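Numbering (the numbering used here), first residue to last: 3 to 64.
We put the CB at the ideal spot given by N, CA and C, even for glycine.
It should be emphasised that the depicted structure is a prediction, and the values quoted were computed from it without experimental measurement.
Read through the structure below, which is laid out as structure tokens, and then see the notes.
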């Protein structure tokens with residue numbers, strides 16, 4: 003990530019809204035906010051937490 007005006011610049015490759023349906027129409031988008039970066043992090047953490055809870059439940063059932 004490069005820094006710009008005190009904000010995190012996350013280079014993300016994601017399909018552009020209109021091009022989502024067309025195959026191979028991925029467009030490089032440069033973001034000036036860390037919003038998506040943070041959202042991804044939050045999602046990852048939530049996923050981890052869910053996995054742990056599931057594991058605990060499975061152990062309980064045995």
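Looking at the backbone, the Cα of residue 64 and that of residue 45 are separated by about 29 Å.
Counting only residues of its own chain and dropping the five nearest sequence neighbours on each side, residue 48 has no CB closer than 7 Å to any other CB.
Pairing residue 57 with residue 42, the inter-Cα distance amounts to about 23 Å.
DSSP, read as helix, strand or coil, puts residue 58 in helix.
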